[in-house]
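K.L.:
Terminal number for the sequence shown in full-length UniProt numbering: 143, no gaps in between. Ideal Cβ placement from N, Cα and C applies to all residues, glycine included. First the structure, which I've put down as structure tokens, then a few questions once you've had a look.
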Amino acid sequence: MPNGEQSRKIKQFCGCCRFVFNRALAWQNEQYQQDSRHKFSYSKIANLLPQWKKELIWLKECHSQVLQQSLKDLENAFKNFFQQRSDFPKFKKKGVKESFRFPQGCKLEQQNSRIWLPKIGWVRYRNSREVIGEIKNVTVSQK
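This is how it looks when you write it as structure tokens:
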């Protein structure tokens with residue numbers, strides 16, 4: 001139950017993640033067309049991220065680890081493809097399963113039903129069940 005500004009930032013983070021995923025997939029496809037022996041490499045694409053942030057100023061507003069997790073998702077999609085568990089990765093569309101992940105830096109206040117998300121702030125959430133232990137990563141999705 002985020003407020004208006006938080007909701008805007010969440011939508012912006014989803015859009016940035018979708019853009020990075022699609023741009024990395026397009027870059028990978030171009031590399032493969034130039035040299036069919038070219039394999040997907042997370043480290044090569046992750047090294048392009050700072051360059052993309054310089055080109056596109058609005059990408060800087062999104063948390064860097066969120067964008068890196070989007071590239072990790074693409075890496076997993078390629079692994080599944082090469083292990084014949086799924087089809088070739090497809091470009092993401094706006095409005096379909098939009099989500100992003102924070103691998104660290106989140107704080108949980110269960111008694112107040114709120115969670116701290118970096119660059120977004122304290123966000124209220126629906127506390128459906130008690131969280132036992134500590135949270136390792138947080139996935140934020142839109143419905």
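State the Cα-Cα distance for the pair Gln28 and Asn112, rounded to the nearest angstrom.
P.N.:
Each residue's alpha carbon lies about 44 Å from the other.
K.L.:
Comparing alpha-carbon positions, which option in Phe21, Val20, Lys44, Phe19 lies nearest Gln31?
P.N.:
Comparing Cα positions, the closest option is Lys44.
K.L.:
How about the stretch 60-73 and the stretch 94-105: do they share at least three Cβ pairs that are nearer than 8 Å?
P.N.:
Verdict: yes, contact present.
K.L.:
According to the neighbour-count rule (16 or more other Cβ atoms, all chains shown, within 10 Å of its Cβ), is Ile57 buried or exposed?
P.N.:
Looking at its Cβ environment, which holds fewer than 16 other Cβ atoms inside 10 Å, Ile57 is exposed.
K.L.:
How long is the line joining the alpha carbons of Gln83 and Arg18, rounded to whole angstroms?
P.N.:
Answer to the nearest angstrom: the Cα atoms are 24 Å apart.
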